[in-house]
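Residue numbers for the sequence shown follow full-length UniProt numbering, so the first one is 1 and each next one is one higher.
Note that beta-carbon positions come from the ideal geometry of N, C-alpha and C, so glycine has one too.
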Amino acid sequence: MFFCLRNTLELDVARPVSDMAAFFGYQPAPSAALTLTLAREHGCISACLQGAEQSFTASEPCSEAAASGDITRCVKLVVLKVFAELTGLQPKLPWGILTGVRPTKLAHKLLDGGVEAAALPEYLSENYLLPMSQGRLLTDIALKQNHILSDSTRLTDTGIYIGVPYCPSRCSYCSFPAGIVPQDEESQQNFVNMIEQDLQNVVQLIGMHSLRVKSLYIGGGTPTSLSDKVFARLLQAVERRLLQSNCEGLRHLREFTVEAGRPDCFSAAKLAAMEAAGVNRISVNPQSFHDKTLQLIGRRHSVKDFYNAYELVRKSRIPVVNVDLIIGLPQETEQEIAYSLEQAVKLAPENLTVHTLTLKRSAPLFQKQEQAVLTTQAAEKMVQRAAEMAAAIGLEPYYLYRQHYMLGHLANIGYAKPGTESIYNIQMMEERHPVIGVGPASASKVPLPDGHHLHKLNMPKNVAVYGARLQELAERRRDLFNIEGTDL
Ligand code: SF4
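Quick look at the structure:
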């Protein structure tokens with residue numbers, strides 16, 4: 001069902017309007033029998049939904065001095081009201097009117113603005129229709145993150161992300177632009193050459209702005225999809241260019257993570273290389289503890305392969321292990337998901353990340369229309385079950401993010417034993433610390449002094465393009481840090 005938007009506000013609100021209307025099964029179109037008019041008058045935002053035979057109106061107080069974020073909030077509320085009038089529906093809103101990827105940023109902003117932590121869940125419920133349980137979750141996470149996101153070091157404490165855009169095969173739910181790892185060693189070596197070259201630029205950047213690197217993360221894709229030899233060379237390049245450099249800013253490093261997500265390309269040799277390089281956090285991801293699901297989603301490993309990899313890691317000196325699971329994989333029942341959760345917590349990992357399936361258009365699974373069998377209610381129940389099971393082994397939620405097209409409009413939640421929270425995950429998600437991206441498809445972000453906006457640069461996804469433009473891109477990345485009015 002369609003409606004046509006007539007927006008007289010001096011603010012582009014097409015996306016939030018479309019997000020709210022979608023809860024009622026409506027989407028915007030250039031012309032339609034139904035017109036939604038938005039206006040600002042007499043200290044209110046008003047919405048009028050006009051059809052051929054009937055019309056509905058709603059308004060929400062909004063002061064003349066309201067910032068764009070608050071105007072958008074009011075727009076969302078009035079749009080919900082008029083569509084509820086039109087349809088007679090009251091859709092369940094697990095996250096209220098919050099539709100962004102990083103709801104914890106709002107919690108931080110409100111706490112910074114003077115809302116008391118104890119009053120925050122209620123504030124979020126009243127102003128954003130957020131259920132109290134989610135408000136409490138956001139508050140707890142924001143408070144937990146505060147020791148890492150301390151204001152005094154906000155502009156200097158930095159993360160480095162090195163992206164390896166290769167995987168051994170494509171998972172059917174994946175929308176990430178990872179390619180299949182080239183089998184010839186020369187291509188893999190060329191890729192590492194590019195990374196090594198760029199790391200020299202990074203060291204200069206750290207020195208130039210007196211940055212303090214707290215976290216280093218090698219992710220992707222699947223970094224361990226490189227051959228044993230090339231993977232070891234990648235880690236040696238990181239050691240040589242970063243860890244063993246004389247750069248003062250790297251003496252602050254506390255966390256070095258490798259995303260070893262796919263057990264099908266894990267090996268004892270790679271683990272030895274990680275130990276030698278000082279990796280202290282690793283991710284090994286079963287996603288499901290059912291072989292039939294793993295086959296269905298195109299992961300070329302079995303549950304046994306995961307156990308073998310996990311056992312190897314447990315015998316190593318790497319102290320923090322993360323395990324990822326996905327709720328809502330195709331054809332998995334509630335019982336099967338519960339079984340996977342039980343197996344994961346039995347291993348007592350320090351970190352557990354529970355994702356909810358996201359069906360993006362670019363994912364092969366979406367194109368095949370092979371939809372998840374879980375209902376929204378069942379997915380919610382499983383997310384709740386995951387939280388209880390994580391709590392039972394002493395893990396607490398410490399970061400959270402949402403994505404569009406997420407099953408049941410739910411969230412991905414990272415749990416950790418207190419003291420083992422991933423610094424990088426918090427830096428990357430809250431966008432209050434600079435993150436320097438290295439490698440194709442990586443992103444560099446530099447927050448502005450207000451703490452709520454940032455400068456950002458995305459590296460090209462294509463490996464050859466990244467390599468060809470390396471120096472130009474390094475200069476643009478350096479320019480992100482030249483923020484007027486700061487002494488970064
Ligand atoms: S391992 Fe991750 S990045 Fe690679 S194809 Fe699977 S989901 Fe995508």
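Item: At a cut-off of 7 angstroms, would you count Ala178 as near ligand 1, judging by its Cβ distance to the nearest heavy atom?; Value: yes
Item: Glu259 and Gly219: beta carbons closer than 8 angstroms?; Value: yes
Item: Skipping 5 residues on each side, what residues in its chain have a beta carbon closer than 8 angstroms to that of Ser31?; Value: Cys4
Item: Compute the distance between the beta-carbons of Asn322 and Arg281, then report whether it is under 8 angstroms.; Value: yes
Item: For Glu53, which three-state DSSP category applies?; Value: coil
Item: Any heavy atom of ligand 1 within a distance shorter than 7 angstroms of the CB on Cys62?; Value: no
Item: Taking only the alpha-carbon atoms, compute the straight-line gap between Leu457 and Val13 and give it to the nearest angstrom.; Value: 24 angstroms
Item: At a cut-off of 7 angstroms, would you count Gly328 as near ligand 1, judging by its Cβ distance to the nearest heavy atom?; Value: no
Item: Use the C-beta contact count for Glu248: other C-beta atoms within 10 angstroms, 16 or more gives buried, fewer gives exposed.; Value: exposed
Item: To the nearest angstrom, report how far apart Gly485 and Asp450 are at their CA atoms.; Value: Residue confidence for Gly485 is low, a pLDDT of 46 falling below 50, so the modelled location carries little weight; the figure read from the coordinates is stated next. One C-alpha to the other measures close to 11 angstroms.
Item: Please go through the same chain and pick out, in chain order, the residues whose beta-carbon is closer than 6 angstroms to the beta-carbon of Cys86, but skip the five residues on each side of it.; Value: The sequence shown places Leu at residue 86, not Cys. The residues are Leu49 and Phe56.
Item: Along the alpha helix (DSSP H) that carries Arg6, what are the first and last residues, could you check?; Value: Looking at the DSSP string, Arg6 is not in any alpha helix (DSSP H); the run it does join, the beta strand (DSSP E), is Phe2 to Asn7.
Item: Around the C-beta of Ile206, are 16 or more other C-beta atoms found within 10 angstroms, so that it is buried, or is it exposed?; Value: buried
Item: Whether or not the segment 111-121 and the segment 73-92 are in contact is what I'm after, with contact meaning three or more pairs of Cβ atoms, one per stretch, closer than 8 angstroms; do they touch?; Value: no
Item: Run the proximity test for Arg262: is its beta-carbon closer than 7 angstroms to any non-hydrogen atom belonging to ligand 1?; Value: yes
Item: Identify which residue in Thr72, Arg102, Ala65 and Glu388 has its Cα closest to the Cα of Asn412.; Value: Arg102
Item: Whose C-beta lies closer than 6 angstroms to the C-beta of Glu472 among residues of the same chain, with five residues either side of it excluded?; Value: none
Item: Buried or exposed, going by whether 16 or more other CB atoms sit within 10 Å of the CB of Leu64?; Value: Rather than Leu, the amino acid found at residue 64 in this sequence is Glu. Classification of Glu64: exposed, given that the 10 Å Cβ count is below 16.
Item: Could I get the ranges of all uninterrupted alpha helix (DSSP H) runs contained in the segment 209-269, with 4 residues as the minimum, in chain order?; Value: 228-238
Item: Please list, in chain order, all residues of the same chain as Leu234 whose beta carbon is under 6 angstroms from its beta carbon, the five residues on each side excluded.; Value: Val192
Item: Alpha carbons only, please: which of Cys171, Ala443 and Gly69 is nearest the one belonging to Gly261?; Value: Cys171
Item: Can you list, in chain order, the residues of its chain with a C-beta nearer than 7 angstroms to that of Arg432? Leave out the 5 residues immediately preceding and following it.; Value: Leu149, Arg154, Pro447 and Gly451
Item: Quick one: is the Cβ of Gly439 within less than 7 angstroms of any heavy atom of ligand 1?; Value: no
Item: Are Asn351 and Gly414 touching if we call contact CB-CB under 8 angstroms?; Value: yes
Item: Taking the alpha-carbon of Tyr307 as reference, which of Gln335, Pro330 and Ser340 has the nearest alpha-carbon?; Value: Ser340
Item: Only counting runs of 3 or more residues, tell me where the beta strand (DSSP E) segments fall wholly within the segment 42-110, in order along the chain.; Value: 44-50 and 55-61
Item: At which residue ranges does the segment 135-193 contain complete beta strand (DSSP E) runs of 3 or more residues, listed in the order of the chain?; Value: 157-164
Item: Check the DSSP bridge columns for Pro397 and list the partner residues they point to.; Value: Tyr415
Item: Roughly how many angstroms separate the alpha carbons of Val438 and Leu34, rounded to a whole number?; Value: 48 angstroms
Item: Would you grab the beta carbon distance between Val284 and Ala309 for me? Rounded to a whole angstrom, and I think it's under 8 angstroms.; Value: 5 angstroms
Item: Just to check my reading of the structure: Leu89 and Phe24 have Cβ atoms closer than 8 angstroms, yes? What is that Cβ distance to the nearest angstrom?; Value: 6 angstroms
Item: Just reading off the beta strand (DSSP E) that Ala443 is part of, what are its end residues?; Value: Ala443 to Pro447
Item: Cβ atoms of Ala379 and Gly408: under 8 angstroms apart, would you say?; Value: yes
Item: Would you be able to state if there are at least three C-beta pairs under 8 angstroms between the segment 121-133 and the segment 157-177?; Value: no
Item: I need the straight-line Cα distance from Thr104 to Gly114, nearest angstrom please.; Value: 16 angstroms
Item: Any heavy atom of ligand 1 closer than 7 angstroms to the CB of Arg300?; Value: no
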